[in-house]
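The structure appears below as structure tokens.
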Amino acid sequence: MAKRALITGITGQDGSYLAEFLLSRGYQVHGIIRRASTFNTRRIDHIYQDPHNPEASLVLHYGDLSSSEQLTNLIYNIQPEEIYHLGAQSHVRVSFEMPEYTGNITALGTTRLLEAIRRSGIKTHFYQASSSEMFGNAPAPQNENTPFQPRSPYGAAKVYAYWITVNYREAYRLFCCNGVLFNHESPRRGETFVTRKITRAVAHILAGKQKKLFLGNLESKRDWGYAPEYVEAMWRMLQQERPDDYVLGTGEPHSVKEFLAAAFGYVGLDWKEWVEMDPKYLRPTEVDLLIADTAKARQKLSWEPKIRFEELVRIMIDADMEAEGLVPVGEGVAILRSRFPDWHQWGNAVTLAVQSAQGQALE
Ligand code: NAP
Ligand code: GDD
């Protein structure tokens, strides 16, 4: 019989990659989605399966992290061997505007799930999506022993969820793990997180749809990795003999400014000509520097991220350009290289040539 996994937040960035990963390993995947007046399953449409098929290996259920009744019923009926709890109000700046809601979903949502597991009596392995945002002001690099100093309602809610997970592990001997993940991005990243906001803006600028990009603090530094690599490590945590907590990241910090320079530079533009500051994107308290120390994950999970900063930026820009109907830069350069063997002597002119080949005149 196929192993059953339940994913909360399956419609999110990580949930969609994790569902793909588990399906590829032969799991029957159950996902909780929120009822909405329009379709909200865009990230998992490509793996959707007809619910009338009794053999379907992807099954979606309506539910909400605010309702324990619903979560208890789902866990009791599905009896999953593994539960990946990824659902959350996950936006840090929004958490300053909605602190109570963030606490209810991001913090108490975890308690509701753990309590449903405990009451149902099922034997399952539980993954809690903890966050480097919990470290807040703690000195970098941060690892599993670094004390938390959260700087946002979101960070505080995740600290609560982290400790309630540890508590259920100790009090009830449940198999519960915290994955303390540093920022991880992809073409499926939500459009209001800074990396995707930037790569999408670059594509929009090239497509003539956007004239300015408004941002907040450009000085903060994050440890940005590639999301598909991180979901595999979540699975590895639940395959260990004993439950434990692990930090995941690249160990490489970059500022928002560096991300801007890499993203705009990739298409031959100077970010300073396109970016303006809007104080509305500043946070009342900011996390300045996050750097992961991943020695434990490397040793115990044999996990090492391969995609580094520059490549991550290129993957995201190319995907956003393709979505705009533009030839991705990587592909455009390959075409030029095949036609003009000495192309590399042209430097940045190459990317401008790609744009003009697409008929995209920049003002
Ligand atoms: P995301 O793209 O924002 O996805 C969040 C998911 O949670 C979505 O599926 C969303 O559903 C669902 N959700 C939100 N409120 C809910 C509710 N009340 N009931 C049920 N589901 C609800 O987040 P992500 O980037 O994939 O991150 C996954 C998890 O890891 C989150 O818990 C996040 O806080 C945590 N995390 C993320 C990172 C990162 O860099 N990405 C780093 C550390 C930790 P809708 O699609 O309907 O909105
Ligand atoms: N979102 C956003 N929008 N951030 C901006 C902007 C802007 O216009 N301008 C500057 N920033 C800065 C933020 O102030 C922050 O310092 C940095 O860019 C990254 O912001 P986000 O991309 O929103 O990510 P985050 O680090 O706050 O939170 C993400 O990572 C956490 C892990 O550390 C989220 O994915 C969280 O869910 C996750 O836990």
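Going by the numbering used here, the sequence shown opens with residue 212, and the numbers climb by one from there.
Glycine included, every Cβ here is placed at the ideal spot set by N, Cα and C.
Collapsed DSSP secondary structure at residue i in the structure displayed
i: residue 393; result: coil
i: residue 229; result: helix
i: residue 462; result: coil
i: residue 558; result: Confidence at residue 558 is low in this model, with a pLDDT of 48, below 50, so its placement is unreliable and the value that follows should be read with caution. Three-state result, residue 558: coil.
i: residue 336; result: strand
i: residue 272; result: strand
i: residue 220; result: coil
i: residue 572; result: For residue 572, the pLDDT reaches just 42, beneath the cut-off of 50, and the residue's location in the model is therefore unreliable, leaving the point undetermined.
i: residue 426; result: strand
i: residue 450; result: helix
i: residue 531; result: helix
i: residue 256; result: helix
i: residue 549; result: helix
i: residue 407; result: helix
For residue i, the residue or residues it bridges with in DSSP
i: residue 433; result: 465
i: residue 215; result: 239
i: residue 457; result: 390
i: residue 341; result: 391
i: residue 244; result: 273
i: residue 353; result: 503
Near the ligand GDD: residue i beta-carbon under 7 Å from a heavy atom
i: residue 408; result: yes
i: residue 413; result: no
i: residue 362; result: no
i: residue 520; result: no
i: residue 227; result: no
i: residue 231; result: no
i: residue 540; result: no
i: residue 426; result: yes
i: residue 394; result: yes
i: residue 498; result: yes
i: residue 306; result: no
i: residue 492; result: yes
i: residue 429; result: yes
i: residue 433; result: yes
Beta-carbon proximity check, residue i vs residue j, cutoff 8 Å
i: residue 202; j: residue 456; result: Past the edges of the chain, shown from 212 to 574, lies residue 202, and the structure says nothing about it.
i: residue 296; j: residue 324; result: yes
i: residue 465; j: residue 435; result: yes
i: residue 437; j: residue 518; result: yes
i: residue 243; j: residue 285; result: yes
i: residue 300; j: residue 502; result: no
i: residue 360; j: residue 368; result: no
i: residue 375; j: residue 335; result: no
heavy atom of the ligand NAP below 7 Å from residue i C-beta
i: residue 282; result: no
i: residue 403; result: no
i: residue 276; result: yes
i: residue 376; result: no
i: residue 245; result: yes
i: residue 451; result: no
TODO: Ignoring anything shorter than 3 residues or poking outside the segment 266-327, list the beta strand (DSSP E) runs there in chain order.
DONE: List check, beta strand (DSSP E) in window: 269-273 and 293-296.
TODO: Would you list, in sequence order, the uninterrupted alpha helix (DSSP H) runs of no fewer than 4 residues that lie entirely inside the segment 480-526?
DONE: Segments of the alpha helix (DSSP H) lying fully in the segment 480-526: 506-512.
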